[in-house]
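Sequential numbering from 231 applies to the sequence shown in my numbering.
Yeah, the Cβ is synthetic: ideal placement off N, Cα and C, and Gly gets one too.
Since the structure comes first, as structure tokens, the remarks are kept for the end.
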Amino acid sequence: MIYIFCAPSGSGKSTMVKHLLTEHPDLFELSVSCTTRPPRGQEVHGREYYFISVEEFRKRIENNDFVEYQQVYEGLYYGTLKKEIDRIEAAGKQVLFDVDVKGGINLKKILGDKAVSVFICPPSVDELRKRLVGRGDTSAEMIEKRLAKAEEELSYKPCFDRVVVNDDLRHAFEQLDAIIDETK
Ligand code: ADP
Ligand code: 5GP
């Protein structure tokens with residue numbers, strides 16, 4: 231089974247994905263996307279993302295390298311590489327996607343029953359702001375852009391197979407583990 235994780239920025243998608251990768255390193259692997267945004271904090275090229283220029287991104291669109299891509303924020307492109315899915319499946323592992331809401335809905339349409347789409351829901355937009363500020367790696371301007379987008383993203387929640395409310399972290403991990411147990 232392939233798992234697609236979507237949520238407004240700051241809801242805890244990366245935290246959920248890291249939990250699964252830590253608990254089941256032999257089972258899952260993250261699909262590393264391309265992005266045109268610069269690295270943040272301790273991010274490493276090829277681990278969190280392939281950090282590429284807009285020109286390179288355009289070239290990859292022309293080459294038909296992406297399963298899906300989105301301009302998630304103004305001027306910032308993110309795309310899922312076809313070859314990531316092949317690489318992970320060839321290694322005998324299950325693919326995890328951490329993508330934006332529209333990308334997730336598109337991936338689910340393409341993958342159908344091969345995938346479970348999971349929406350990670352924040353307890354509130356106020357809490358989202360606190361988490362983004364607390365993470366300490368995103369500018370105030372970018373935080374505002376992300377929050378402005380969050381309301382719209384939350385309205386897509388009913389389009390997903392499952393929802394995890396990330397209030398208390400331990401409880402969220404339990405919900406996630408139950409979903410994996412049920413669907414694997
Ligand atoms: P996303 O990948 O969705 O942008 P992150 O996983 O980076 O979100 O989480 C945003 C911030 O919130 C991080 O600093 C993370 O440690 C923190 N966080 C995640 N889940 C919780 C939670 N349940 N309670 C408090 N803080 C959390
Ligand atoms: P961030 O800049 O915080 O890493 O990511 C911003 C948003 O882009 C997040 O919602 C993240 O899940 C999403 N994203 C990351 N990679 C992809 C991708 O390949 N495709 C799409 N559509 N969204 C992505």
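| query | Relative to ligand 1, is the shortest distance from any of its heavy atoms to the C-beta of G402 smaller than 7 Å? | reply | Residue identity check: residue 402 is Ala in the sequence provided, not Gly. Under cutoff, so the answer is yes.
| message | At a threshold of 7 Å, does T245 count as lining ligand 2 (C-beta to nearest heavy atom)? | response | The answer is no for T245.
| field | L257 in three-state terms, based on DSSP | value | Reduced to three states, the DSSP call for L257 is coil.
| field | Three-way DSSP call (helix, strand, coil) for S263 in this model | value | In this structure, S263 counts as strand in the three-state DSSP scheme.
| C-alpha gap between V302 and L337, whole angstroms | Distance between the alpha carbons of V302 and L337: 15 Å.
| Residue nearest to D367 in terms of C-alpha spacing, selected from E273, F349, T252 | Measuring from the Cα of D367, the nearest candidate turns out to be E273.
| query | Roughly how many whole angstroms lie between the Cα atoms of K323 and T413? | reply | Taking C-alpha positions only, K323 is separated from T413 by approximately 15 Å.
| task | Just tell me which of D356, R270, V348, A320 has its CA closest to the CA of K243. | result | Measuring from the Cα of K243, the nearest candidate turns out to be V348.
| request: In the DSSP assignment, find the alpha helix (DSSP H) that holds E381 and state where it starts and stops. | output: Here the alpha helix (DSSP H) through E381 covers 370-384.
| said: Suppose you measure from the CA of V297 to the CA of D316; what does that come to, to the nearest Å? | reply: Going by the C-alpha atoms only, they are around 11 Å apart.
| Taking 7 Å as the cut-off, is the CB of R365 close to at least one heavy atom of ligand 1? | Flag set: Cβ of R365 near ligand 1.
| When every heavy atom of ligand 2 is checked, does at least one fall within less than 7 Å of the C-beta of K332? | Shortest gap from the CB of K332 to any heavy atom of ligand 2: under 7 Å.
| query | What runs of the beta strand (DSSP E), each 3 residues or longer, lie entirely inside the segment 294-357? | reply | Runs of the beta strand (DSSP E) lying entirely within the segment 294-357 and spanning at least 3 residues, in chain order: 296-303, 306-311, 324-328, 345-351.
| message | Suppose you measure from the CA of G342 to the CA of Y233; what does that come to, to the nearest Å? | response | Cα to Cα, the separation comes out at about 11 Å.
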